[in-house]
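S.K.:
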Amino acid sequence: MDQFTLNLIVVGATFALYFGIAIWARAGSTAEFYAAGGGVHPIANGMATGADWMSAASFISMAGIIAFGGYDTSAYLMGWTGGYVLLAMLLAPYLRKFGKFTVPEFVGDRFYSGTARVIAVICLLIISITYVIGQMSGVGVAFSRFLEVSNDTGLYIGAAVVFAYAVLGGMKGITYTQVAQYVVLIIAYTIPAIFISLNLTGNPIPGLGLFSNDTASGVPLLTTLNGMLADLGFASYTEQHDTTLNMFLFTMSLMIGTAGLPHVIVRFFTVPKVADARSSAGWALVFIALLYLTAPAVGAMARINLINTMYPNGVKETPVARADVPDWVANWEKTGLLKFDDKNGDGLINYTSSAETNELDVNKDIIVLANPEIAQLPSWVIALVAAGGLAAALSTAAGLLMAISSAVSHDLIKGQLNPGISEKGELLAARVSMAVAIGVATWLGLNPPGFAAQTVALAFGLAASSIFPVLMMGIFSKRINSKGAISGMLVGLIFTVVYIFLHKGWFFIASTASYSDSAPMLFGIKSTAIGSIGALLNFAVAFIVSNATEDTPAEVQELVESIRIPKGAGAATGH
Amino acid sequence: MADKSSSNAYWKANIRAIQIFLVIWFVCSFGFGILLRPMLAGIKIGGTDLGFWFAQQGSILVFLVIIFAYAAKMNKLDREHGVEE
Chain Y
3 MDQFTLNLIV VGATFALYFG IAIWARAGST AEFYAAGGGV HPIANGMATG
53 ADWMSAASFI SMAGIIAFGG YDTSAYLMGW TGGYVLLAML LAPYLRKFGK
103 FTVPEFVGDR FYSGTARVIA VICLLIISIT YVIGQMSGVG VAFSRFLEVS
153 NDTGLYIGAA VVFAYAVLGG MKGITYTQVA QYVVLIIAYT IPAIFISLNL
203 TGNPIPGLGL FSNDTASGVP LLTTLNGMLA DLGFASYTEQ HDTTLNMFLF
253 TMSLMIGTAG LPHVIVRFFT VPKVADARSS AGWALVFIAL LYLTAPAVGA
303 MARINLINTM YPNGVKETPV ARADVPDWVA NWEKTGLLKF DDKNGDGLIN
353 YTSSAETNEL DVNKDIIVLA NPEIAQLPSW VIALVAAGGL AAALSTAAGL
403 LMAISSAVSH DLIKGQLNPG ISEKGELLAA RVSMAVAIGV ATWLGLNPPG
453 FAAQTVALAF GLAASSIFPV LMMGIFSKRI NSKGAISGML VGLIFTVVYI
503 FLHKGWFFIA STASYSDSAP MLFGIKSTAI GSIGALLNFA VAFIVSNATE
553 DTPAEVQELV ESIRIPKGAG AATGH
Chain X
1050 MADKSSSNAY WKANIRAIQI FLVIWFVCSF GFGILLRPML AGIKIGGTDL
1100 GFWFAQQGSI LVFLVIIFAY AAKMNKLDRE HGVEE
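Protein sequence lines, in the order shown, are assigned to chains Y and X.
Numbering of the first sequence is given in the working numbering, commencing with residue 3 and proceeding in unit increments.
Numbering of the second sequence is given in the working numbering, commencing with residue 1050 and proceeding in unit increments.
Encoded structure:
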């Protein structure tokens, strides 16, 4: 059987599974549509959260970023996991006790202000729409590489699948589909990693293999890698090159940004009890850690394999000839994600650290997707990786679309425009907004703005500087009033957006940038790390303004008292 | 709902637990992984030093322990203060 047929069968089988779940888990009420009826087991919710959280960026891009960035990229590993500690202790249990459907609804009730709620909706929409563009283009790339359809056709198929289970099942359908998608993606990620680790170090657990000896030379794997890089003139893998301040702030931005992402927070509204919200955050991190402990090994080992491919006789010998490259290199060359440019015309591929003599250009995103081919694994593993990449992108897209549609139908339509809408009417409105959101996401995926990759920094910066602080203050302080919260959110938001625009260009038009991330405006802080400063300003402004203005009303103080205590939480409700 | 003084004591105990766990959270990621890495550079592990291990794996394992320890601690506090569901 050829590779294409096999890809088709494996991807088709996973899609059939998702459809089956969609039909089984139809939503009959708004409680089921927005919060899966509040009856999801904490372990199942943890798995769904894992799939929801691990996007195309985690599955496809992260190991590649680590492979080429080494120690400095530890910020991603710590940042994208450490946020769950904050969620478990500072946000999830109390928001679960609050027992409503959306994040802006909490902001509106706690700060007794429709304005605060609308600002939260705006932040949520910018964050989620930005994020969903990346997922949709990930779906397109995976389809075009593995199923030989055009990028656009791939997008339509992906959109149709999400449409089926998200519109029909709402949060209930999405949750149970995500459980299945988690299983697919984690198997697809770890199998090639296990083989590669066995191959290089003899250790079947990639996370341990990373710190084991390289079987070829008998010295530690990372020593081998550093030696190769030094011979070729590249920067050391294990040393720090970024400034300590920037690495610290970048890690912090990713952590509090993770804790402030609305589509992750709402996952904790689906469990039955407050205690379940705490343990479910732990289970989510267990399932995320399975991938995140493997990723640094995949990164380092892929870098070694790449260098070995280019220098089959060792880095001190002549590089591989253009005509002798293995099949996988030729396969990826066709996609344009891996390029050669024989600058000195010697017929060899010189992979070096200098821009003038280097002849190999590798897109970081192919590291994970090409892994099974690099390790010469059987073709069913390649098919599995295709299905895994699609599962990662589709599950995150569905979670984001859920957050977008509930913000529109519940916070804008029911909350602001038509509070008297019936349960049936709201359910219909939720389904229609979901359908519209999928349409918009598909359109954006077909016509991705040139800045799609850069806007991810914006999403994390916004979540860190606007949503995380306002939620935390709403729970841990009774003194923060509506004026404090609104001014805090606006200052955090505007400061962060302006700093990012100053470095990436106004509205991401590159020519309008006044600074760049290689020479940032303030103390070497790059625009990707500025969210933590924005959060600090948000806290400070909210505190100062609240203390200078009136105290919070008695009923709001009672609300804060009640969310701090688990007793008395029912299922999430809209009333 | 539980009476006021009991719920105040519960909240104080919760804040105390959060503070302790946040210190561990900070020291094992930002501390050992970034700020204190130069101090740990002498402790070698698999071709690099302990700080690199904390930054790429150790911190994640510590995070896992923190969340489950906090969840267990809170379940106990919930029962002690009579505020469990």
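Glycine included, each C-beta is placed from N, C-alpha and C at the ideal position.
Just tell me which of Y:Leu89, Y:Asp111, Y:Ala58 has its CA closest to the CA of Y:Pro555.
M.R.: Y:Asp111
S.K.: Note down, in chain order, each residue of its chain lying with its Cβ closer than 8 Å to the Cβ of X:Asp1098, except the 5 sequence neighbours on either side.
M.R.: Arg1086, Leu1089, Ala1090, Gly1091, Ile1092
S.K.: Using three-state DSSP, classify X:Phe1101 as helix, strand or coil.
M.R.: helix
S.K.: Note down the Cα distance separating Y:Ala544 from Y:Ala465, rounded to an integer number of angstroms.
M.R.: 16 Å
S.K.: Does Y:Phe342 come out as helix, strand or coil in the three-state DSSP assignment?
M.R.: strand
S.K.: With a CB to CB cut of under 6 Å and the five nearest residues on each side skipped, what residues in its chain are close to X:Met1050?
M.R.: Only weak support is given to the placement of X:Met1050: the predicted model assigns it a pLDDT of 46, under 50, and the value that follows is read from those uncertain coordinates. Taking X:Met1050 as the centre and dropping the five residues before and after it, the same chain places no C-beta closer than 6 Å to its C-beta.
S.K.: Quick one: list the residues of chain Y neighbouring X:Glu1134, beta-carbon separation under 8 Å, in chain order.
M.R.: Lys275, Val276, Ala277, Pro568, Lys569, Gly570, Ala571
S.K.: Distance, Cα to Cα, Y:Leu396 vs Y:Val434?
M.R.: 19 Å
S.K.: Name, please, each residue of chain X whose Cβ falls closer than 8 Å to the Cβ of Y:Pro328.
M.R.: Result: empty, since nearest Cβ-Cβ is about 27 Å, beyond 8 Å.
S.K.: With 16 other CB atoms within 10 Å as the buried threshold, where does X:Gln1068 fall?
M.R.: X:Gln1068 sits exposed, since fewer than 16 C-beta atoms from the chains shown fall within 10 Å of its C-beta.
S.K.: Could you spell out where the alpha helix (DSSP H) holding Y:Asp329 opens and where it closes?
M.R.: 329 to 337
S.K.: Give the DSSP-derived three-state secondary structure of Y:Asp216 in the structure shown.
M.R.: coil
S.K.: So which residues of chain Y does X:Ile1115 contact, with C-beta pairs closer than 7 Å?
M.R.: Residues of chain Y passing the Cβ test: Val87.
S.K.: According to DSSP, is Y:Val364 part of a helix, a strand, or is it coil?
M.R.: Here Y:Val364 sits in strand by DSSP.
S.K.: So, under 8 Å CB-CB, Y:Leu223 and Y:Arg305 are touching, yes? Tell me the CB distance rounded to an integer number of Å.
M.R.: Beta-carbon to beta-carbon, Y:Leu223 and Y:Arg305 are separated by about 11 Å, too far to satisfy the 8 Å threshold.
S.K.: Put Y:Pro194 into one of helix, strand or coil per three-state DSSP.
M.R.: helix
S.K.: Does X:Ser1054 get closer than 8 Å to chain Y when you measure Cβ to Cβ?
M.R.: no
S.K.: Output, in sequence order along the chain, the residues in the stretch 297 to 324 of chain Y whose CB is closer than 8 Å to any CB in chain X.
M.R.: Listed in chain order, the positions of the stretch 297 to 324 of chain Y with a beta carbon within less than 8 Å of a beta carbon of chain X are Pro298.
S.K.: Within 8 Å (strictly less), CB to CB, does Y:Val288 reach chain X?
M.R.: yes
S.K.: Taking Y:Leu403 as the reference, give the member of Y:Val438, Y:Pro380, Y:Ala431, Y:Glu428 with the closest Cα.
M.R.: Closest by C-alpha distance to Y:Leu403, out of Y:Val438, Y:Pro380, Y:Ala431, Y:Glu428, is Y:Val438.
S.K.: Rounded C-beta distance between Y:Ala94 and Y:Ala279? I'm assuming under 8 Å.
M.R.: Contact annotation, Y:Ala94 with Y:Ala279: C-beta distance approximately 4 Å; criterion of less than 8 Å satisfied.
S.K.: Using a Cβ-Cβ cut-off of less than 8 Å, list which residues of the stretch 1096 to 1110 of chain X approach chain Y; keep chain order.
M.R.: Those residues of the stretch 1096 to 1110 of chain X that come within reach of chain Y (Cβ to Cβ, closer than 8 Å) are Gly1096, Thr1097, Asp1098, Phe1101, Trp1102, Ala1104, Gln1105, Gln1106, Ser1108, Ile1109, Leu1110.
S.K.: Does DSSP put X:Ala1066 in a helix, a strand or coil?
M.R.: helix
S.K.: I want to verify the contact list: residues of chain Y whose CB lies under 9 Å from the CB of X:Leu1084, in sequence order.
M.R.: Thr246, Phe250
S.K.: Anyone know if the C-beta pair for Y:Ser548 and Y:Ile482 falls short of 8 Å?
M.R.: Judged by beta-carbon spacing, Y:Ile482 lies within the 8 Å limit of Y:Ser548, meaning their Cβ atoms are closer than that value.
S.K.: Beta-carbon within less than 7 Å of Y:Phe6's beta-carbon, same chain only, minus the 5 sequence neighbours each way: which residues are those?
M.R.: Glu150
S.K.: Kindly give me the distance between the Cβ atoms of Y:Ile565 and Y:Ile532, rounded to whole angstroms, as I take these residues to be in contact under 8 Å.
M.R.: Actually they are not in contact, since the Cβ atoms of Y:Ile565 and Y:Ile532 sit about 31 Å apart, beyond 8 Å.
S.K.: Could one say the Cβ of Y:Met475 lies closer than 8 Å to chain X's Cβ atoms, at least one of them?
M.R.: no
S.K.: Just checking: is the beta-carbon of Y:Ala90 within a distance shorter than 8 Å of some beta-carbon in chain X?
M.R.: Chain X, which has a Cβ nearer than 8 Å to the Cβ of Y:Ala90, makes this yes.
S.K.: Would you give the residue range spanned by the alpha helix (DSSP H) that Y:Arg269 belongs to?
M.R.: It is not in any alpha helix (DSSP H) - Y:Arg269 carries neither H nor E in the DSSP assignment.
S.K.: Using a C-beta cutoff of 8 Å, does X:Met1123 count as contacting chain Y?
M.R.: yes
S.K.: For Y:Pro222, which of helix, strand or coil comes out of DSSP?
M.R.: strand
S.K.: Contact between the stretch 409 to 421 of chain Y and the stretch 132 to 150 of chain Y: three or more CB pairs below 8 Å?
M.R.: no
S.K.: Note down, in chain order, every chain X residue with its Cβ under 7 Å from the Cβ of Y:Tyr73.
M.R.: Phe1101, Ala1104
S.K.: Below 8 Å on the Cβ atoms is my guess for Y:Met64 versus Y:Ala394; work out the distance and round it to an integer in Å.
M.R.: No, Y:Met64 and Y:Ala394 are not in contact; Cβ-Cβ is about 11 Å, not under 8 Å.
S.K.: Give me, in chain order, the residues of the same chain whose beta-carbon lies closer than 6 Å to that of Y:Tyr353; leave out the 5 immediate sequence neighbours on both sides.
M.R.: Met312, Leu362
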